[in-house]
Structure formats: structure tokens, C-alpha cells
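Student: Chains as they are written, first to last, in this note's numbering: chain A, 18 to 213; chain B, 18 to 213.
Where is the CB? At the ideal position from N, CA and C, for every residue including glycine.
I am attaching a structure below and will ask some questions about it afterwards.
Number of protein chains: 2
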Amino acid sequence: MKLSLPAQTILLPSPVLIIGTYGSDGRPNIMNAAWGGIASSKPPCISVSLRAATLSYHNIKQTGAFTVNIPSEKYFKEADFVGIVAGRERDKFKETRLTPEKSKLINAPIVKEFPYAFECNLVKQIDLGLHTMFIGEIVGMVADSEVLNPNQLPDIEKVRPILWGSFGSMAYYNIGGKLGDAFSVGNEFKKEITDL
Amino acid sequence: MKLSLPAQTILLPSPVLIIGTYGSDGRPNIMNAAWGGIASSKPPCISVSLRAATLSYHNIKQTGAFTVNIPSEKYFKEADFVGIVAGRERDKFKETRLTPEKSKLINAPIVKEFPYAFECNLVKQIDLGLHTMFIGEIVGMVADSEVLNPNQLPDIEKVRPILWGSFGSMAYYNIGGKLGDAFSVGNEFKKEITDL
């Protein structure tokens, strides 16, 4: 039975985006954000929405740069931790023992232990209410060689990213099995229809 | 070893968003989009980025409304199909045998067979280059009662959403197992640190 429900921001799956920034004092910070996604292909852009209450919001406003780091499943506790505590009060890199490495392209830190990261320069900022959407142009990426496929692209089966189940489960998940090839299994379906 | 790579729009995981719209002639259409995510909590907003070449782009411009339908894993072929073929040339609902149902709140169709959908009115449109980002305010949701948790929220373990592995695998995946509770496992980690 279909039910009508009040509006909820429960997108399934939601990604686990670890946003890296520097403060005006050069101190690196990371936070866990789930509100974001790819925004465009050309130029390549990614968006992340943050509350003005966060240190990351102010850091991005000041530096005009951020990284989006994708944690592998073995770092799900660290990913959760950096979403629970405030960067103004704690040194999240130190407490998690994660290592900040300055991006060669932009003014923001990369999480060394995570399999790959987007290096972004802020291009647009859209105030939507409680959250401000920051759109960053992806100017480069950094990845562990072990998570790349033969074409040097991050492979989901090697990255083993974390999914957030959002408010309906309040839990993290890993990826399961392969269902089928994209831009391919649909053709199969089309053929089934045509054959009728 | 960390490698520097050219910019790529490979976010892991990427969601599978099935965008529902009506044409000016009232014909329902659906397309598969991966560029999008939650944009803000208050007001609740979701974004999806589309190319001007798509019928959905023009439909949203005309109607100012769209749905974001979340397919369950058993519909991965249908989801792929509606991303391969063009709405101007084919009746995607008819060919997939999916059923359009008009939203009670907005001027866009819901995919009856999919477990839940967001009902959105367009509030902002941001031209980024090849893609235009449409930000919709979520004014309501529709869900199958079977995919809800006791608090009437969509539960990822019941929804069984599809993940897209993006360009590194060009394949769809399902969700795996639970890693741990959000806003919780990080505290455990924090305690481990404090105990040192």
C-alpha cells in the first residue's frame, strides 16, 4: 500500500563525504557530510551542503577550497567520529590518528589513509536555508594505486566505500554484490519487450 | 602509493535517481540520473543535474516540478533502460511496463512499482556548463508501507536501493551488510583514543 508521508531528506543510499579544509591559522579539519553529490560533468563539479554552524563552512568561505575524501569501509568509525565532534573544540586528525597531506593543487588537506579524494576550488555558493550548498570544481584527484582499475579510475569493488542508511536506519553499510552492467542490462530488457 | 589523477566525476557510491516529469502534452517520462543528492534539511531540498539535451530538462523547466523515485534492486534493468533511451523517441513507461501515478501534491508522475519517491517543486536552477542543477523543495513523499520502519521512515534494508559504481566499474550494485550505528560507533572510537 502506498502511503503519503511528510517530506524527509532520506536519500538511499546517501554517501559518506569527508570534507577536508584548512582554517585561517592553517589548522587542518575534517567533517562528515552526507548532503552532496556530483553537480556537473563539464566542468567537473561536486556539491556539498553544510550548516553555518560548522567550522568547515567558515574554512571554505575563507580559503575557497576543499577536498572530498571517500573513506573505505574499514574507516567507518573514524568517519563517524569526525561527524560527531566539532572541529572548533577538537583536533580530529590527531584524535583519529588520520594524516593530513596538503593537496598539490588546492589549499586543502587530503586524508592520506583514505583511498581517494577530490581536490576542489569553490565556484558557487547557494544559501538554501539551514544549509549552504558549496559547489566545487574538481581540479584533480588523488588515489591509492591499489584502488584503481586498469584505466586508472577508482573501482568501487576496490575502494569499498561506506553508505549511510540515513534516518530510516541510522547506520552505515558496505556495498554488496554486482547486479549487472550499466548501459547494458537495460538493452536486454528492451529486447525482452521488443520480442513480445 | 598515492597517485595524482585528472579530475573525474567518480563519486562512490553514486545513487540511482529516477526522475519523473510530465511533458506539456501531459505525457509522463522517466530518466535515470546519478548526478544529485540532498541539498538542504530546512527547507528539505534535493538536487539533480541534467543536460539540456534531455526531455526531462525541458519538462522540469515547463512544469516546475519533478519526482525523484528510488528503485529497489529488483528493478535494475528497468532503471538502466530509462537511462539508455530518449524520452522524445520512446514511451519509457509503456516499454518497461512501469506505471505512472500522478502525485497528489505536485505536477509530476510517481513510479508506482518503486518503493518510495520524493515529490518536488523546483526552487532554483543553476547552470554549471554541460549540466544544469535543478534544486527541488521536497513537499512530500510517497512510500510503500512495507519499506517503512516503525517510525514511518524508509528503511534501507527494506528499500534495497541500487548503487551505481560510476565510470570505474560501469555496473550496478546492491547494498551489503551493516557496518555499525551512525552517531554511535565514532564515540566508541573516541573512547579508545581517550583510554590511551
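Which same chain residues, not among the five before or five after residue 213(B), have their C-beta less than 8 Å away from its C-beta?
Tutor: Only weak support exists for where residue 213(B) lies, its pLDDT of 44 falling under 50; the coordinates are left without a value.
Student: Under 9 Å between C-beta atoms, does residue 32(B) make it to chain A?
Tutor: Yes - at least one Cβ of chain A is within 9 Å of the one on residue 32(B).
Student: Inspect the beta-carbon positions of residue 98(B) and residue 113(B) and report whether they are closer than 9 Å.
Tutor: Yes, these two residues count as a Cβ contact at 9 Å.
Student: Just to confirm, is the Cβ distance from residue 37(A) to residue 85(A) under 9 Å?
Tutor: Yes; because the gap between Cβ atoms is below 9 Å, this pair is in contact.
Student: So with Cβ pairs under 9 Å, would you call residue 90(A) a contact of chain B?
Tutor: So yes, residue 90(A) belongs to the interface.
Student: Just curious, the beta strand (DSSP E) that residue 142(B) is in, first and last residue?
Tutor: Taken as a continuous stretch (DSSP letters only), the beta strand (DSSP E) holding residue 142(B) covers 133–144.
Student: Whether or not the stretch 75–93 of chain B and the stretch 120–131 of chain B are in contact is what I'm after, with contact meaning three or more pairs of Cβ atoms, one per stretch, closer than 8 Å; do they touch?
Tutor: Yes, the stretch 120–131 of chain B touches the stretch 75–93 of chain B.
Student: Between which two residues does the alpha helix (DSSP H) holding residue 109(B) run?
Tutor: 109–113 is the extent of the alpha helix (DSSP H) around residue 109(B).
Student: Just grab the DSSP bridge partners of residue 48(A) for me.
Tutor: According to DSSP, which records beta bridges pairwise, residue 48(A) is partnered with 36(A).
Student: Are the beta-carbon atoms belonging to residue 87(B) and residue 35(B) less than 9 Å from one another?
Tutor: Closer than 9 Å, so yes.
Student: What residue range is occupied by the uninterrupted beta strand (DSSP E) comprising residue 189(B)?
Tutor: Per DSSP, residue 189(B) belongs to the beta strand (DSSP E) from 188–198.
Student: Quick one: grab the DSSP three-state call for residue 82(B).
Tutor: DSSP places residue 82(B) in strand when its eight states are reduced to three.
Student: From 196(B), 189(B), 201(B), 203(B), pick the residue whose C-alpha is nearest to that of residue 91(B); which is it?
Tutor: Ranking the options by Cα distance to residue 91(B), first place goes to 189(B).
Student: In the DSSP assignment, find the beta strand (DSSP E) that holds residue 101(A) and state where it starts and stops.
Tutor: Counting along the chain, residue 101(A) falls outside any beta strand (DSSP E), though it belongs to the alpha helix (DSSP H) covering 93–101.
Student: Determine contact between the stretch 172–188 of chain B and the stretch 187–206 of chain A, defined as no fewer than three beta-carbon pairs at a distance below 8 Å.
Tutor: Cβ pair count under 8 Å is three or more, so yes.
Student: If you compare alpha carbons, which of 140(A), 139(A), 137(A), 144(A) is closest to residue 140(B)?
Tutor: Closest by alpha carbon: 144(A).
Student: Rounded to the nearest angstrom, what separates residue 66(B) and residue 136(A) at their Cα positions?
Tutor: Distance between the alpha carbons of residue 66(B) and residue 136(A) is about 20 Å.
Student: Closest to residue 174(B) by CA distance: which of 71(A), 152(A), 192(A) is it?
Tutor: Ranking the options by Cα distance to residue 174(B), first place goes to 192(A).
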